[in-house]
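**Student:** Before anything else, here's the structure in question.
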Amino acid sequence: MIRLFLADIDGCLSEPYVPFDLDGFRQLRGWATRAETDDRYPRLGICSGRSYAYVEATSQALGLRAPALFESGGGRFDLPDARITWNPALTPDTEAALGACRAFLVEHVVPRSATVSFDYGKRSQAGIVSPVVGECETFLDEVEAFVAEQTVALHAYHTPYSIDVVPAGLTKVQALRWLAEADGLGLGELAFIGDTNGDAPAIEAAGLGFAPSNGVDAARGAADVVTEGAVLDGVIEAYRACLARNGAEE
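What follows is the structure, encoded as structure tokens:
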């Protein structure tokens, strides 16, 4: 039985810098509401590398009652209680190392491009973003070299629009384990859909792992199911597969 369905935002629930598909959101919102009274419907939550503010707004748009993990699980937001819980793996030493990475990005990367921006608003990650597909990746080698010099284990993940420096203990797969333990669930009761290399370990660890058709090779290779649909269509298809697994009808 799949009890909790978690979706990434960028590349899954929506695309960066593209308006939300409100019709698709309405479909998911209806399922999320149904899940609170029908346990055959998995509760709907989020697991995203996005900052708290963006994840909170997306949670409100979807009317979520289940947890929303932001900054790849650096923190957890529960909309019904308006409560933020920070991951205990976010230690003072980790925060200090992230501070050094932020300074490096702001001083040595961002000034070199008019379209690259520092990703403000994150506590448990440090990152850059660009609306130009693939631009951030051109800085990946030097970001990885700087990260390797830090005394705390960090990893630089990239998407077509971003680079995020993430502590080793604050990845999405660790976030799924943290959430499952906190809420009394087994990993086998979780489904997750993601589209990037940083999502792949979490996709593989979930009881039912999905990648949308637009996912990178690593995500699709880790998935139990690669959906025919892309982005939000893929999320809707994946949720329907969970309903079928649970013996529920729409």
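Heads up, the sequence shown is in the working numbering, so the first residue is 35 and it goes up one at a time.
Idealized CB from N, CA, C, for every residue including glycine.
Predicted, not measured: the structure shown is a model, and the values here were computed from it.
Going by the DSSP bridge assignment, what does H192 pair with across the sheet?
**Tutor:** On the sequence shown, position 158 is the one that residue 192 refers to. Answer by DSSP bridge pairing, in chain order: I197.
**Student:** Is DSSP giving F152 helix, strand or coil here?
**Tutor:** Along the sequence shown, read from residue 1 onward, the residue named residue 152 stands at position 118. The answer is strand: DSSP assigns F152 an E or B state.
**Student:** Do you know offhand how far E171's Cα is from F138's?
**Tutor:** Position 137 of the sequence shown holds residue 171. Position 104 of the sequence shown holds residue 138. If you take the alpha carbons of E171 and F138, they lie about 16 Å apart.
**Student:** Note the first and the last residue of the continuous alpha helix (DSSP H) segment covering L213.
**Tutor:** Position 179 of the sequence shown holds residue 213. Residues K206 to A216.
**Student:** Apart from the five residues just before and just after L113, which ones in its own chain have a Cβ nearer than 6 Å to its Cβ?
**Tutor:** As a working mapping, residue 113 is identified with position 79 in the sequence shown. So the list reads S93 and L98, once near-sequence residues are dropped.
**Student:** Measuring only the C-alpha atoms, how far is A182 from E176?
**Tutor:** For the purposes of this step, residue 182 is taken as residue 148 along the sequence shown, with counting starting at 1. For the purposes of this step, residue 176 is taken as residue 142 along the sequence shown, with counting starting at 1. Cα-Cα distance, rounded: 10 Å.
**Student:** Which of helix, strand or coil does DSSP assign to L242?
**Tutor:** The residue given as residue 242 occupies position 208 in the sequence shown. Strand.
**Student:** Using only the alpha-carbon positions, how far apart do W212 and E223 sit?
**Tutor:** Here residue 212 refers to the residue found at position 178 of the sequence shown. Here residue 223 refers to the residue found at position 189 of the sequence shown. Those two C-alpha atoms are separated by around 14 Å.
**Student:** When the Cα atoms are used, what is the spatial distance from G45 to A264?
**Tutor:** The residue labelled residue 45 in the question sits at position 11 within the sequence shown. The residue labelled residue 264 in the question sits at position 230 within the sequence shown. Their Cα atoms are separated by approximately 8 Å.
**Student:** What does the Cβ neighbour count give for G23, buried or exposed, with the cut at 16 atoms within 10 Å?
**Tutor:** There is simply no residue 23 to check, as the chain begins at 35 and stops at 284 in what is shown.
**Student:** Have a look at V250, D251, E141 and I237 and flag the residue whose alpha-carbon is nearest the alpha-carbon of A272.
**Tutor:** For the purposes of this step, residue 272 is identified with residue 238 of the sequence shown, where counting begins at 1. Among V250, D251, E141 and I237, the Cα nearest to that of A272 is on I237.
**Student:** When you compare each of D217, A202 and V166 to T185 by their alpha carbons, which one comes out closest?
**Tutor:** Stepping through the sequence shown from its first residue, residue 185 is reached at position 151. T185 has its Cα closest to that of A202, out of D217, A202 and V166.
**Student:** Could you check whether V163 and P50 sit closer than 9 Å to each other, using their CB atoms as the reference points?
**Tutor:** In the sequence shown, counting from the first residue as 1, residue 50 sits at position 16. In the sequence shown, counting from the first residue as 1, residue 163 sits at position 129. In this structure, V163 lies closer than 9 Å to P50 by Cβ.
**Student:** Between the beta-carbon of L124 and the beta-carbon of R84, is there less than 9 Å?
**Tutor:** As a first step, residue 124 is located in the sequence shown; it is residue number 90 there, counting from the start. As a first step, residue 84 is located in the sequence shown; it is residue number 50 there, counting from the start. Not in contact: L124 and R84 (Cβ atoms no closer than 9 Å).
**Student:** Where do the N-terminal and C-terminal ends of the alpha helix (DSSP H) with C135 fall, by residue?
**Tutor:** Walking along the sequence shown from the start, residue 135 turns up at place 101. Here the alpha helix (DSSP H) through C135 covers P126 to F138.
**Student:** Look up T119 in the DSSP assignment and say whether it is helix, strand or coil.
**Tutor:** As a position in the sequence shown, residue 119 is number 85, starting the count at 1. It is a strand residue.
**Student:** Taking the straight line between their C-alpha atoms, what separation do you get for K206 and G232?
**Tutor:** Counting from one through the sequence shown, the residue named residue 206 turns up at place 172. Counting from one through the sequence shown, the residue named residue 232 turns up at place 198. Going by the C-alpha atoms only, they are around 7 Å apart.
**Student:** In this structure, does DSSP put S48 in helix, strand or coil?
**Tutor:** Mapped onto the sequence shown, residue 48 falls at position 14. Strand.
**Student:** Three-state secondary structure (DSSP) at L98?
**Tutor:** Numbered from 1 along the sequence shown, position 64 holds the residue referred to as residue 98. Note: L98 maps to coil in three-state DSSP.
**Student:** Buried or exposed for D72, going by 16 or more other Cβ atoms inside 10 Å?
**Tutor:** Position 38 of the sequence shown, counted from the start, is the residue given in the question as residue 72. Burial call: exposed.
**Student:** Could you tell me the distance, in whole angstroms, from the CA atom of L40 to the CA atom of E141?
**Tutor:** Start at 1 with the first residue of the sequence shown, and residue 40 comes out as number 6. Start at 1 with the first residue of the sequence shown, and residue 141 comes out as number 107. In a straight line, the C-alpha of L40 is about 35 Å away from that of E141.
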